[in-house]
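Step one of this worksheet: look at the structure below.
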Amino acid sequence: IDGVISRSVRDSAAMLDATHGRDPGLLAGAPDPAGSFLAAAGRDPAPLRVAVLRTPMFGRKVHPECRAAQDHAAALLASLGHRVEEAEIAGVDWDRVRRAFLLLFVCEKAYDVNYAERLAGARASRATVEPLLRFARAYFRSVGAVELEAAVETQGRFARAIADFMSAHDILLTPTLAGPPIAIGEQAPNAIELAVLDIASALGLGPLFRLVIAQLAGEAFEWLAFTPAFNVTGQPAMSLPLHWTADGLPVGLQLVARYGEEATLFRLAGQIERAAPWFDRRPPAPGGERT
Numbered sequence: 001i002d003g004v005i006s007r008s009v010r011d012s013a014a015m016l017d018a019t020h021g022r023d024p025g026l027l028a029g030a031p032d033p034a035g036s037f038l039a040a041a042g043r044d045p046a047p048l049r050v051a052v053l054r055t056p057m058f059g060r061k062v063h064p065e066c067r068a069a070q071d072h073a074a075a076l077l078a079s080l081g082h083r084v085e086e087a088e089i090a091g092v093d094w095d096r097v098r099r100a101f102l103l104l105f106v107c108e109k110a111y112d113v114n115y116a117e118r119l120a121g122a123r124a125s126r127a128t129v130e131p132l133l134r135f136a137r138a139y140f141r142s143v144g145a146v147e148l149e150a151a152v153e154t155q156g157r158f159a160r161a162i163a164d165f166m167s168a169h170d171i172l173l174t175p176t177l178a179g180p181p182i183a184i185g186e187q188a189p190n191a192i193e194l195a196v197l198d199i200a201s202a203l204g205l206g207p208l209f210r211l212v213i214a215q216l217a218g219e220a221f222e223w224l225a226f227t228p229a230f231n232v233t234g235q236p237a238m239s240l241p242l243h244w245t246a247d248g249l250p251v252g253l254q255l256v257a258r259y260g261e262e263a264t265l266f267r268l269a270g271q272i273e274r275a276a277p278w279f280d281r282r283p284p285a286p287g288g289e290r291t
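Residue 1 is where the sequence shown starts when you use the numbering used here, and the numbers rise one by one after that.
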């Protein structure tokens, strides 16, 4: 879902006030928000049940800096009167969920290329489409209906498992990422990987597609270990910069609420911001001193 990056809970709440609304036919079961999200952000919540998840969901490990950030946030929430406890999500085959997410993500990117062609009235080419998108479209053409339906079913089961978990908790606390901020372009494919993408796209071989996908996904998910899950479930989530490295870089903490409970999320985020403000903190300027 498209949102905004802001420096305050206030601005995020005000933006959602200005842009939210029902999608007829898509959100028939979602509750209408009670009042303004901006107003909610100004009010402390009642004591909440906060689950601290230590499992890296889509990844396999978490950087010590992100663990320290999570521990700091858990202690802060406890000091604010919330009931904080570690918890695990039972009954989830994380490898299967990862594979389903990747398959559907690649299919979505293939659709984006096709849609862009219709808008432009021209065929995509090497000059206009990045290698990863060309690969996505070629991979999509190798996907069968049974495989696609199985991925959709897996995501549905996963969403239900998360909803069941959240029935016993008001908020889920995870690191936003599995590692501190990385340099721009650090995860971009290198020359060899780009060549493999082109070869796989040209040959159109299913096993080769899956090998390439597994390699690229393994690298990405070791950093994006927590956020993709909530693209699947549709739950509201927010990242707050509550921890900073010795180099002055922010480490985000992700708060996740139940489906349709954005107001709860804003009330908690506003309370946290008042207790541990970050608005005036700045990371170092690229190549320079802190500003």
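All C-beta atoms, glycine included, are put in the ideal place defined by N, C-alpha and C.
- When C-beta atoms of the segment 161 to 172 are compared with those of the segment 115 to 134, fewer than three pairs fall below 8 Å, so the two segments do not count as touching.
- In terms of Cβ geometry, Ala-161 and Val-92 form a close pair [threshold 8 Å].
- For Val-152, the closest alpha carbon among the candidates Val-62, Pro-180, Thr-233 is that of Thr-233.
- Collapsing the DSSP output to three states places Met-57 in coil.
- Excluding residues up to 5 positions away in sequence, Ala-151, Thr-154, Gln-155 lie with their Cβ nearer than 6 Å to the Cβ of Ala-100 in the same chain.
- When DSSP reads this structure, Ala-87 sits in a beta bridge with Leu-53.
- Rounded to the nearest whole angstrom, the CA to CA distance from Cys-107 to Val-143 is 9 Å.
- Rounded to whole angstroms, the separation of the alpha carbons of Gly-252 and Phe-105 is 24 Å.
- Between the beta-carbon of Arg-137 and that of Ala-110 there is about 4 Å, and that keeps the pair under the 8 Å contact cut.
- Remark: C-beta atoms of His-20 and His-243 do not approach each other more closely than 8 Å.
- Ser-8: not part of any alpha helix (DSSP H); DSSP gives it neither H nor E.
- Taken through DSSP and simplified to helix, strand or coil, Val-129 comes out as coil.
- Taking every protein chain shown into account, the CB of Pro-175 has 16 or more other CB atoms within 10 angstroms, so this residue is buried.
- The straight-line gap separating the alpha-carbon atoms of Val-97 and Phe-58 is approximately 8 Å.
- Per DSSP, the beta bridge partners of Ile-171 are Val-50, Ala-257.
- If you draw a straight line from the Cα of Pro-56 to the Cα of Glu-222, it is about 9 Å long.
- Separation of Pro-250 and Met-238 (C-alpha to C-alpha, rounded to the nearest whole angstrom) is 15 Å.
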